[in-house]
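Per my numbering, residue 353 is the first one in the sequence shown, and the count goes up by one each step.
Built from N, CA and C at the ideal position, the CB exists for glycine as well.
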Amino acid sequence: MTPFLAAALQLVALIGALALAYRPLGDHMARVYSSDRHLRVERWVYRAIGADPDADMRWPAYLRGVLAFSAAGVLFLYLLQRLQGSLPGSLGFSSIDPDQAFNTAASFVSNTNWQSYSGEQAMGHVVQTAGLAVQNFVSAAVGMAVAMALVRGFARTRAQGSTGSGGAPHGTGGLGNFWADLVRGVLRILLPISVVGALVLVACGAIQNFAGIHEVGRFTGGSQQWNGGAVASQEVIKELGTNGGGYFNANSSHPFENPNGFSNLFEIFLILLIPFALTRTFGRMVGSVRQGYAVLATMVGIWIGFVLLMWATEFAGHGPAFEAAGGAMEGKETRFGIGASSIFAVSTTLTSTGAVDSFHSSYTGLGGGIAMLGMQLGEIAPGGVGSGLYGMLIMAIVAVFIAGLMVGRTPEYLGKKIGTREIKLAACYLLVTPALVLCFTAAAMSLDTPAHSMTSSGAHGFSEVLYAYTSGANNNGSAFAGLNADTQWFNTTIGLAMLLGRFVPMVFVLALAGSLAQQRPIPATAGTLRTEKPLFTGLLVGVIMIVAGLTYFPALALGPLAEGLAA
353 MTPFLAAALQ LVALIGALAL AYRPLGDHMA RVYSSDRHLR VERWVYRAIG
403 ADPDADMRWP AYLRGVLAFS AAGVLFLYLL QRLQGSLPGS LGFSSIDPDQ
453 AFNTAASFVS NTNWQSYSGE QAMGHVVQTA GLAVQNFVSA AVGMAVAMAL
503 VRGFARTRAQ GSTGSGGAPH GTGGLGNFWA DLVRGVLRIL LPISVVGALV
553 LVACGAIQNF AGIHEVGRFT GGSQQWNGGA VASQEVIKEL GTNGGGYFNA
603 NSSHPFENPN GFSNLFEIFL ILLIPFALTR TFGRMVGSVR QGYAVLATMV
653 GIWIGFVLLM WATEFAGHGP AFEAAGGAME GKETRFGIGA SSIFAVSTTL
703 TSTGAVDSFH SSYTGLGGGI AMLGMQLGEI APGGVGSGLY GMLIMAIVAV
753 FIAGLMVGRT PEYLGKKIGT REIKLAACYL LVTPALVLCF TAAAMSLDTP
803 AHSMTSSGAH GFSEVLYAYT SGANNNGSAF AGLNADTQWF NTTIGLAMLL
853 GRFVPMVFVL ALAGSLAQQR PIPATAGTLR TEKPLFTGLL VGVIMIVAGL
903 TYFPALALGP LAEGLAA
């Protein structure tokens, strides 16, 4: 069997597994977020935090809940790292420096999971489990909660006049309850799947223990040491919650995290599972599963297109070394090969995961550019848990606005008028991350100190910096791996980019959701754009590619495109 055929069969198997899980998981999530019933353990949580889960929040209150909870998470995780040297289970590691502690706290709370440290050489069991693993769950649940708030903005109407579970009329602009959405997302969706997934990874060979540092062998000139840890349980939520932070510096290429070809395919499945299934949830909650299928078709089309492009760049190498290895094998694990590594790279950068099973800096020039462009699209194909769905819905709003301009008709989406306020909020959402990426990259390249962190010069060195800020601002977390980012400059600026890139767009998403929830429904007419049809799907793909292309093409031309064309 040729490497390409093996890769194609893995892709088919992956698509089949996702298709089987799509409907049951999507319907389950729709029931979870539409239910008025609270589980006993959920009531205990609400009493502990003093929250009323039945209060229907308008968007400012929902936003305050998101920001307050996330700010508390940043503070707690920062203090936990600063106090690590005094905590039990620290494995003898000292406390984390202030700039790196800030960077890591911002990273995990913003669902980015960028790591400027080596996990097995810096973080003890307490920080890994009570800090990082917990944030893997709750940061993912926050993204899902914001997505559900936007979906309710489309589903609820002023004319509806019905009341929510807390007695607040849906027509008043209520978007649900953040605390209920957060707790349900963790306890009813993420935690049950993670328990099963962790057992699968342990069966594959991933480790799960609280062992200390021990010597595993002696080599010429010294010895090699490894520490154990609750790796499988953190690995599963790292992928399922599209987080990405690994227990070990080698991330998902480490055999303790990702032992074999099956575990590798299973981890890709976990990365894509919830983001794809949320389109079914969206369709169920707005009362039209065909609308969900249209969004799904857009996501799948872009994802498969990027996989094929990555295969084309990585398999089609020139020269004796490429021909002997069957393609660009540098930086890739032999137990995974080019095909599976490429699927992983595309899936992790088209979502907000950031986990890696290969060295992205070693990809061909154009291959590295494909991974970078996946993040620059806004990570919407299928994107992160929650963030991918609300990012795609923002792009759908822009697409119907453009369609309305072309035919001279007031744009509508799902029975809601897209007016001046809505399109301004959508435009602000789209401008935040490009502004962060390009401004921080320009600042880093214009100063002397950041340039010292680059291990390469020329186009590849520029790509290292551009990739770092693209990854941070888009809350991905993967790295080109050639940049020394553990400096005060990069820890601070990438930390700011992660926080601003996560929470400023949420402001516009929730404001948009509140605006939509207060509208009266617009009856469909013969001139209404059918947004569940293939024509709209094609328009949406075109708008996504054009917006990203016009925004980032000059920067890409200086980095991966220049490197790829010069090869």
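(message) One question on the structure: do Leu913 and Gly505 come within less than 8 Å of each other, judged by their Cβ atoms?
(response) no
(message) Is it buried or exposed, Lys885, if we count other Cβ atoms within 10 angstroms and call 16 or more buried?
(response) exposed
(request) Indicate whether Ala825 and Ala794 have their beta-carbon atoms separated by less than 8 Å. (result) no
(message) In whole angstroms, give me the CA-to-CA distance for Pro730 and Glu567.
(response) A quick correction: the sequence has Gly, not Pro, at residue 730. Whole-angstrom Cα-Cα distance: 43 Å.
(request) Let me know the secondary structure DSSP gives Ser710 once reduced to three states. (result) strand
(request) With DSSP collapsed to three states, give me the class of His812. (result) helix
(request) Can you tell me which of Ser615, Leu661, Thr785, Ala424 puts its alpha carbon nearest to the alpha carbon of Thr903? (result) Thr785
(message) Less than 8 Å between the C-beta atoms of Phe530 and Ser491, yes or no?
(response) no
(message) Looking at the secondary structure, which residues open and close the alpha helix (DSSP H) in which Thr701 lies?
(response) 689 to 702
(request) Determine the DSSP secondary structure at Trp663, reduced to helix, strand or coil. (result) helix
(message) Give me, in chain order, the residues of the same chain whose beta-carbon lies closer than 6 Å to that of Phe608; leave out the 5 immediate sequence neighbours on both sides.
(response) Ile559, Val583
(request) Starting from the C-beta of Ala778, find all residues in its chain whose C-beta is less than 7 Å away, skip the five residues before and the five after it, and write them out in chain order. (result) Ile746, Ile749, Val750, Leu864
(message) Helix, strand or coil, according to DSSP, for Ala359 in the structure here?
(response) helix
(request) Identify whether Ile754 lies in helix, strand or coil by the three-state DSSP scheme. (result) helix
(request) Along the alpha helix (DSSP H) that carries Thr456, what are the first and last residues, could you check? (result) 450 to 461
(message) Out of Leu660, Arg399, Tyr469, which one is the CA nearest neighbour of Gly598?
(response) Tyr469
(request) Please determine, among Trp663, Glu587, Asp408, the residue with the shortest C-alpha to C-alpha distance to Leu357. (result) Trp663
(request) Please say whether Gly911 and Val835 have beta carbons closer to each other than 8 Å? (result) In the sequence as displayed, the identity of residue 835 is Leu instead of Val. Cβ distance not < 8 Å, so Leu835 and Gly911 don't count as in contact.
(request) Following the continuous alpha helix (DSSP H) through Asn826, name the residue where it begins and the one where it ends. (result) Unbroken run through Asn826: none, as it is neither H nor E.
(message) I'd like the ranges of any alpha helix (DSSP H) spanning at least 4 consecutive residues and lying wholly in the region 361 to 428.
(response) 392 to 401
(message) Just checking: is the beta-carbon of Leu848 within a distance shorter than 8 Å of some beta-carbon in chain D?
(response) In the displayed structure, chain D is absent; only one protein chain is listed.
(message) For Ile896, count the other beta carbons within 10 Å of its own beta carbon; 16 or more makes it buried, fewer makes it exposed. Which is it?
(response) buried
(request) Could you pull out every residue in the same chain whose Cβ sits closer than 8 Å to the Cβ of Leu391, ignoring the five residues on either side in sequence? (result) Leu539, Arg540
(message) Could you tell me the alpha carbon to alpha carbon distance between Gly513 and Gly635, rounded to whole angstroms?
(response) Confidence in Gly513 is poor, its pLDDT being 41 and thus under 50, which makes the residue's placement unreliable; the coordinate value appears in the next sentence. Their backbone Cα atoms lie some 22 Å apart in a straight line.
(message) Mapping the DSSP letters down to three states, classify Glu587 as helix, strand or coil.
(response) helix
(message) What would DSSP say about Lys776, mapped onto helix, strand or coil?
(response) helix
(message) Within the continuous alpha helix (DSSP H) that includes Leu848, where are the two ends?
(response) 840 to 869
(request) Select from Phe667, Val588, Leu432 the residue whose C-alpha is nearest the C-alpha of Ile448. (result) Leu432
(request) Would you check if the region 792 to 811 and the region 414 to 425 touch, i.e. whether three or more CB-CB distances between them fall below 8 Å? (result) no
(request) Identify the continuous alpha helix (DSSP H) that holds Ser615 and give its terminal residues. (result) 613 to 637
(request) Output the distance between the C-alpha atoms of Gly813 and Leu661, rounded to the nearest integer angstrom. (result) 23 Å
(message) Let me confirm a value: Asn603 is counted as buried when at least 16 other C-beta atoms fall within 10 Å, else exposed. Which label applies?
(response) buried
(message) Checking the sheet assignment: what are the DSSP bridge partners for Ile746?
(response) Answer by DSSP bridge pairing: none, since Ile746 is not bridged.
(request) Look up Glu567 in the DSSP assignment and give the residues it is bridged to. (result) Gln577
(message) Less than 7 Å between C-beta atoms, sequence neighbours within five positions excluded: which residues of the same chain meet that for Ala629?
(response) Ala373, Tyr374, Leu377, Gly378, Met381
(message) Quick check: the Cα distance between Met758 and Gly866, rounded to an integer number of angstroms?
(response) 27 Å
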